[in-house]
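And the structure:
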């Protein structure tokens, strides 16, 4: 009878300890899962509520030809999946080979941005954007007999920013520049700070 009592006591203690260790291990596993999910979310999401993004590139299209482009974006996160940005650029273009002026453009734009986190080895975020604003264009004379000229027009555009893991940015899009009707192809490289 004593043997049965000892076996029963040892079995009961083993059952209690194994149940306790099993519950403890399960809690630890759940905590590790939550930590790994949170770390993936933190990697893919923007940690700062604002960021700067300088870029340099070019536009190709009618009637401009090739336009060199350098700009700076200041973007603010309004809600989790929506940013609003201000974009100022400096653009230099020679409209035609025989033209006596060089066009210097200063587009000032507001840019609603929808960033989408991507689970990819190279990409971190795909940010879809739209832009609208005013374009200030100064025609600067190349020769002394040419004259200065100033005009302004509405500028619009749309495209995508591909933000890589190392914060390099490839911007692809379409924007009008000199023309009110014809969009130009925009290609630019940048860095997100």
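Numbering (this note's numbering), first residue to last: 1372 to 1564. A virtual CB, placed ideally from N, CA and C, is assigned to each residue, including glycine.
Three CB pairs or more closer than 8 Å across the region 1509 to 1528 and the region 1544 to 1560:
The answer is yes - the region 1544 to 1560 touches the region 1509 to 1528, with three or more Cβ pairs under 8 Å.
Do you know offhand how far residue 1412's Cα is from residue 1536's?
Counting from 1 along the chain shown, the entry for residue 1412 is found at position 41. Counting from 1 along the chain shown, the entry for residue 1536 is found at position 165. A caution first: residue 1412 carries a pLDDT of 48, below 50, which makes its placement in the model too unreliable to give a value.
What are the residues that DSSP puts in a beta bridge with residue 1448?
Sequence index remark: in the chain shown, residue 1448 carries index 77 (1-based). DSSP lists 1454 as the beta-bridge partner residues of residue 1448.
Would you mind sorting residue 1456 into buried or exposed? The rule is 16 or more other CB atoms within 10 Å of its CB.
As a working note, residue 1456 is residue 85 in the chain shown. The C-beta of residue 1456 has 16 or more other C-beta atoms within 10 Å across all chains shown, which makes the residue buried.
Contact check, residue 1502 vs residue 1458, beta carbons under 8 Å
On the chain shown, residue 1502 is found 131 positions in, with the first residue counted as 1. On the chain shown, residue 1458 is found 87 positions in, with the first residue counted as 1. A contact, by the Cβ cut-off of 8 Å.
I think residue 1476 touches residue 1559, with their Cβ atoms under 8 Å apart; what is that distance to the nearest whole Å?
On the chain shown, position 105 is the one that residue 1476 refers to. On the chain shown, position 188 is the one that residue 1559 refers to. Going by Cβ atoms, the distance from residue 1476 to residue 1559 rounds to 15 Å, so no, they are not a contact pair.
Limits of the unbroken beta strand (DSSP E) element including residue 1421
Position 50 of the chain shown, counting from 1, holds the residue named residue 1421. Note, residue 1421: beta strand (DSSP E), 1421 to 1432.
Quick one: what does DSSP say residue 1524 is sitting in, helix, strand or coil?
Translated into the one-based positions of the chain shown, residue 1524 becomes position 153. Residue 1524: strand per DSSP, three-state reduction.
Please name the residue or residues paired with residue 1483 in a DSSP beta bridge.
For this step, residue 1483 is matched to residue 112 along the chain shown. 1455.
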